[in-house]
């Protein structure tokens, strides 16, 4: 049969032959004609009065499992109503096919239990609550494991795996420098322009320097960088660990006597905790540079007076407020990313879901932690 | 393309004379495939005839899977042509390719089940995409295929990650059979199955071949399958089809690899 060959359309003709009904089937009864065949056979089944039915298959040019199943199903349905269906054929392949598809349980697959929707809803809430408990426990377990590893590393420094840390640092810090700097440069410029636009009306445009300096160093630099890192490295960590989990690589590590926390998680966390403060510092520089350029072009504040005003407005403490938050944010991003990665199950869908959850959770937690720090610094008067 | 190459050594002729008039479902001519500097296949010629089970053997890394992927259009070729169902795959329009793809079934080595769908949904994917069947018939046909490959019915609602290796193979076979294809590609179908499961698998292939006129292209290392179900065997070596013929022909070949494969200690132990 060539690709272009057409198959004959299936047909089913009923004829009365004394006490029995003769159905003559013809044409191709294959899966491609499945819809037509099903229609033909159900139409006939609707107006049956005879108790013995013969189906003549001698004119059927092609039969496959789909066609055979439809015939077999017809026979089974009629048998339930006390009618007898016989098939007439010469081709012995039809015989093998019809016997092959003679399976009763296919027609009555095991029912799925659905249950009450309100109860399902309650069950869902309960399940989510338990999940929250498990999440908390997992985070604590992972933190505990990490602490144990770090403690052990104090006596055996090799267990900190400096090479892995360096590789992870290269990927999550060096690779992120260009995009983080570019983004911060633009944000610095935008803050200066927006602030200048309004302050100019009061002739107070020089305070744009104070505004952008404090805002960038204390908040914007660290928050934006953390969000960028959560999206960039956090998702990568989840996807890496998740696909390793899917392919049983994690199990292979375990049985080889290597600890996942030590080999995979700790290097990533340490690298991220070193990387984020550095990235925040670079982001601060880029943002101040952007703000300085905007001040010069848009507000006619020359670089010299920008720098003088900046020196008066900010101190090293202002910078430290931002940079100090970075390692904590890195820890949270890394922990969430690794934990979500370890929760991935067998399917690609699960990998995608956990990667999404990882990024969303880390960005949310970054903001929460920033809020906590704001309260903390305010109460100690920093 | 185009220069005449010596035909692969036909194993003493017996298999070949018989099949020459039969319809060719798959024809590969002068196929060359390479990655970078390395040539994997060079000027390879191959015919697969309607209704036969062709077993492909070769040492690991000789390019059996590469050839299968090339035939399926998944790997790029340097040169050569591939004809499926009498249609050159390169010259086929999108509609023709869809038509070809409806008429072949593929079982990948690792199963390649869609991991986020249940077994039943996996089997229904081709039915859903290519045909307008009623939901009831689609369900029944999927369950029928699942039963035919020897899976228990409760496996139908399971996800691939909940299945054992052998069950994944069977589920993947059920999916490749969903459309009742004319041409079935199997990449190491019985590897990872227990001997009884493997024998059942072989029986199933034979049954499908007899009833549906199925043509099977099978990459395998299973000597039992080669002996019991393959009508013809092709050996891939030195970047081309080295010999082809029946299992009896293979026993006569003096090439060292073929000899140790079919007449080595492991092969003779089973006789």
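Protein chains in written order, with full-length UniProt numbering: chain A, 1 to 382; chain B, 1 to 271.
We put the beta carbon where it would ideally sit given N, CA and C, even for glycine.
Open item on the list: Quick check on the DSSP output: the beta strand (DSSP E) that includes residue 54 of chain A runs from which residue to which?
Closed with: Per DSSP, the continuous beta strand (DSSP E) segment holding residue 54 of chain A begins and ends at 52-63.
Open item on the list: Per the DSSP calculation, residue 16 of chain A is bridged to which residue(s)?
Closed with: A/21
Open item on the list: What does the Cβ neighbour count give for residue 174 of chain B, buried or exposed, with the cut at 16 atoms within 10 Å?
Closed with: buried
TODO: Please say whether residue 223 of chain B and residue 58 of chain B have beta carbons closer to each other than 8 Å?
DONE: no
- [ ] Identify the continuous alpha helix (DSSP H) that holds residue 248 of chain B and give its terminal residues.
- [x] 247-252
- [ ] State the Cα-Cα distance for the pair residue 188 of chain B and residue 26 of chain A, rounded to the nearest angstrom.
- [x] 39 Å
Open item on the list: Between residue 140 of chain B and chain A, is any beta-carbon pair separated by less than 8 Å?
Closed with: yes
TODO: Quick one: list the residues of chain A neighbouring residue 70 of chain B, beta-carbon separation under 9 Å, in chain order.
DONE: Simply none; closest approach about 20 Å.
Open item on the list: Classify residue 249 of chain B: buried if its beta carbon has 16 or more other beta carbons within 10 angstroms, exposed otherwise.
Closed with: buried
- [ ] Within its chain, find whatever has a CB closer than 7 Å to the CB of residue 189 of chain A; leave out the 5 residues flanking it on each side and keep chain order.
- [x] 290, 291, 293, 294
TODO: Determine, using beta carbons only, whether residue 250 of chain A comes closer than 8 Å to chain B.
DONE: no
TODO: Compare the Cα-Cα distances from residue 90 of chain B to each of B/104, B/75, B/102, B/103 and report the closest residue.
DONE: B/75
Open item on the list: Just verifying my parser: in three-state terms, what is the DSSP assignment at residue 114 of chain B?
Closed with: coil
Open item on the list: Alpha carbons only, please: which of B/71, B/166, B/183, B/135 is nearest the one belonging to residue 191 of chain B?
Closed with: Closest by C-alpha distance to residue 191 of chain B, out of B/71, B/166, B/183, B/135, is B/166.
TODO: Give a yes or no on whether the minimum CB-CB distance between residue 131 of chain B and chain A is below 8 Å.
DONE: yes
Task: Beta-carbon contacts of residue 29 of chain A that lie in its chain and below 6 Å, excluding the five residues immediately before and after - done: Within the same chain, Cβ atoms closer than 6 Å to the Cβ of residue 29 of chain A are found at 10, 37, 60, 63, 67, the five residues on either side in sequence being excluded.
TODO: Just grab the DSSP bridge partners of residue 11 of chain A for me.
DONE: A/26
- [ ] Can you have a look at residue 55 of chain A and say buried or exposed, based on whether 16 or more other CB atoms are within 10 angstroms of its CB?
- [x] buried
Open item on the list: Please list, in chain order, the chain A residues whose beta carbon lies closer than 8 Å to that of residue 159 of chain B.
Closed with: 346, 347
TODO: Measure from the C-beta of residue 65 of chain A to each C-beta in chain B and report whether the shortest distance is under 8 Å.
DONE: yes
Open item on the list: With three or more beta-carbon pairs closer than 8 Å as the criterion, would you say the stretch 201-213 of chain B touches the stretch 25-41 of chain B?
Closed with: no
Task: Beta-carbon proximity list for residue 368 of chain A, same chain, < 8 Å, skipping 5 on both sides - done: none
Open item on the list: When you compare the CB positions of residue 208 of chain A and residue 299 of chain A, do they come within less than 8 Å of one another, or not?
Closed with: Here residue 208 of chain A is near residue 299 of chain A, since their CB atoms are less than 8 Å apart.
- [ ] Could you spell out where the beta strand (DSSP E) holding residue 149 of chain A opens and where it closes?
- [x] Looking at the DSSP string, residue 149 of chain A is not in any beta strand (DSSP E); the run it does join, the alpha helix (DSSP H), is 117-155.
Task: Same chain, Cβ closer than 7 Å to residue 78 of chain B, five either side skipped, listed in chain order - done: 32, 33, 34
- [ ] Could you list which residues in chain B have their beta carbon closer than 9 Å to that of residue 35 of chain A, in chain order?
- [x] 131, 132, 133, 134, 137
Task: Within chain A, partners of residue 116 of chain B - CB distance below 8 Å - done: Within chain A, the C-beta atoms nearer than 8 Å to that of residue 116 of chain B come from 347, 348, 349, 350, in chain order.
Open item on the list: Run through chain A and tell me which residues come within less than 9 Å of residue 209 of chain B, C-beta to C-beta.
Closed with: Residues of chain A passing the Cβ test: none, with the nearest at roughly 11 Å.
Task: Stretch-stretch touch, CB-based, cutoff 8 Å, three pairs: the stretch 156-164 of chain B with the stretch 113-132 of chain B - done: yes
- [ ] Leaving out five residues on either side along the sequence, give the residues of the same chain with a beta carbon under 6 Å from the beta carbon of residue 205 of chain A.
- [x] 196, 199, 299
Open item on the list: Restricting to runs no shorter than 4 residues, where is the alpha helix (DSSP H) found entirely within the stretch 43-90 of chain B?
Closed with: Inside the stretch 43-90 of chain B, DSSP marks whole alpha helix (DSSP H) runs of 4 or more residues at positions 64-71, from first to last along the chain.
TODO: Closer than 7 Å by beta-carbon distance: list the chain B residues that pair up with residue 103 of chain A, in chain order.
DONE: Per Cβ cutoff of 7 Å: 144, 147.
Task: DSSP beta-bridge partners of residue 234 of chain B - done: The partner list for residue 234 of chain B (beta bridge, DSSP) reads B/56, B/244.
- [ ] Assign residue 148 of chain A to buried or exposed, taking buried as 16 or more other Cβ atoms, counted over all protein chains shown, within 10 Å of its Cβ.
- [x] exposed
- [ ] Just tell me which of A/244, A/223, A/288, A/243 has its CA closest to the CA of residue 277 of chain A.
- [x] A/223
TODO: Using a Cβ cut-off of 8 Å (strictly closer), state whether residue 251 of chain B contacts chain A.
DONE: no
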